[in-house]
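S.K.: Numbering follows our numbering, in which position 141 of the sequence shown is assigned residue number 145; successive positions increment by one, without gaps.
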Amino acid sequence: MPTEKGTTFRARLSATAKRRIEKIAEQYNCTYGGKGSISDLLNKIADGHLTVKRPTIPERKISGNSLIKLQIKAQKDIRGTIYIISKSIADCQGNILDIKVNIEGEFGTFCLLVSLEKDDLLVDLLNNLLSIKVEDIQDFNDERILENKRIKRKFEYSSLEKFKQQNLLIDIRCILGLEINIPNQQGSLSDITRIISAEKALIDSLSQDFDSQKDNAIVRLFLLLKLETETETETEVEKITKIMNEIGKQFKVERLNAEYLI
């Protein structure tokens with residue numbers, strides 16, 4: 005490519021990088037032969053005729069959908085675990101938006117961001133996941149391995165003996181995120197935590213960002229659902245609805261978008 009002194013230079017790009025830059029060139033009408041022209045794009049930038057701005061990443065808010073964060077523990081050497089988890093989510097019309105896997109010792113932790121078409125599908129989804137047993141994936145594993153496995157629940161609220169007796173495959177935590185817009189006035193955060201305490205809900209984490217210009221604050225609240233039985237699952241989900249309704253009487257409240265749940 006010509007420079008001010010008439011010299012040229014070459015750049016080696018991966019196929020992926022080349023396609024991305026060609027796509028940017030197309031967006032700025034820098035084309036040759038019907039395709040994005042990298043050379044034309046760079047020439048216009050160098051001549052000062054074009055400024056390429058960093059694209060604005062849209063807020064990953066899924067309107068009308070229920071977003072939840074799942075943390076699932078399972079033994080790492082049992083085959084079919086991800087399959088049965090994914091199937092349970094799909095059966096409840098759920099969509100996995102993000103998944104991360106961390107292996108520590110004999111256990112693997114799956115962190116999933118899941119969207120549901122409707123909030124009322126959440127109870128069914130959680131009960132489906134909680135009822136997964138080792139037998140559900142026995143076709144993928146050696147029978148002797150499954151007989152010798154004893155899955156241990158890792159969370160403090162779990163009933164270890166009950167978990168062993170039922171031979172369940174996974175241990176699960178479900179986290180729901182709320183974003184609350186509150187005025188910068190004394191007692192606002194106290195009002196919110198009082199409502200949560202009254203419903204005997206568990207706070208997983210909480211953060212607060214102040215905006216001095218607007219004289220308000222954004223509270224991001226993560227609530228942990230205590231999951232043991234089908235009845236308890238339904239009760240826990242009802243708690244969240246009550247909490248949102250009560251907080252909504254005083255402040256603007258909505259579910260957190262994907263950016264904060266991943």
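Each residue gets a CB set at the ideal place from its N, CA and C atoms; glycine is no exception.
Quickly, what does DSSP pair Tyr36 with across the bridge? List them, please.
M.R.: Lys39
S.K.: Pull up the DSSP beta-bridge partners for Glu203, would you.
M.R.: According to DSSP, which records beta bridges pairwise, Glu203 is partnered with nothing at all.
S.K.: Let me make sure I understand the geometry here. Which of Ile82, Gln212, Gly112 and Lys243 has the alpha-carbon closest to that of Leu143?
M.R.: Just to set this straight, residue 143 is Asp in the shown sequence, not Leu. Minimum Cα distance to Asp143 is reached at Ile82.
S.K.: Curious, which full-length beta strand (DSSP E) runs of at least 3 residues does the stretch 68 to 106 contain?
M.R.: 70 to 79
S.K.: Considering only the beta carbon of each residue, do Asp208 and Ile222 sit closer than 8 Å?
M.R.: No, Cβ-Cβ distance for Asp208 and Ile222 is not below 8 Å.
S.K.: Look at the Cβ atom of Ser119, then the Cβ atom of Asn99, and state whether they are nearer than 8 Å.
M.R.: yes
S.K.: So, with DSSP's three-state summary, where would you put Glu183?
M.R.: strand
S.K.: What is the DSSP secondary structure of Asp51, reduced to helix, strand or coil?
M.R.: coil
S.K.: Going by DSSP, what residue range makes up the beta strand (DSSP E) through Asn220?
M.R.: Asn220 to Leu229
S.K.: What residue range does the beta strand (DSSP E) around Leu260 cover?
M.R.: Premise fails: Leu260 is in no beta strand (DSSP E) and is neither H nor E.
S.K.: Leu182 and Lys259 - do their beta-carbons sit closer together than 8 Å?
M.R.: Here the sequence assigns Arg to residue 259, which means Lys is not the residue at that position. Taking the C-beta atoms as reference points, Leu182 is found nearer than 8 Å to Arg259.
S.K.: Assuming Ile186 and Ser192 make a contact with CB atoms under 8 Å, what is their CB distance in whole Å?
M.R.: 4 Å
S.K.: To the nearest angstrom, how far is it from the Cα of Lys80 to the Cα of Phe114?
M.R.: 10 Å
S.K.: Assuming Ile179 contacts Ile76 under a Cβ cut-off of 8 Å, what Cβ separation, rounded to an integer in Å, is found between them?
M.R.: About 12 Å separates the two Cβ atoms, so there is no contact after all.
S.K.: Rounding to the nearest angstrom, what Cα-Cα distance links Val257 and Arg224 in this structure?
M.R.: If you draw a straight line from the Cα of Val257 to the Cα of Arg224, it comes to about 10 Å.
S.K.: Just tell me which of Gln190, Lys243, Glu238 and Lys218 has its CA closest to the CA of Ser201.
M.R.: With distances taken between Cα atoms, Ser201 lies closest to Lys243.
S.K.: For Met248, collect the residues of the same chain with a Cβ closer than 6 Å to its Cβ; drop the 5 residues on either side in sequence, then sort them by chain order.
M.R.: Result list for Met248: Val257, in chain order.
S.K.: Phe109 to Ala78, Cα distance in whole Å?
M.R.: Looking at the sequence provided, one finds Gly at residue 109 rather than Phe. About 11 Å.
S.K.: To the nearest angstrom, how far is the alpha carbon of Ile89 from that of Leu117?
M.R.: 13 Å
S.K.: In its own chain, which residues sit with a C-beta less than 6 Å from the C-beta of Asn106, not counting the 5 before and 5 after it?
M.R.: Non-local C-beta neighbours of Asn106 in its own chain, meaning closer than 6 Å and more than five positions away in sequence, comprise Thr113, ordered along the chain.
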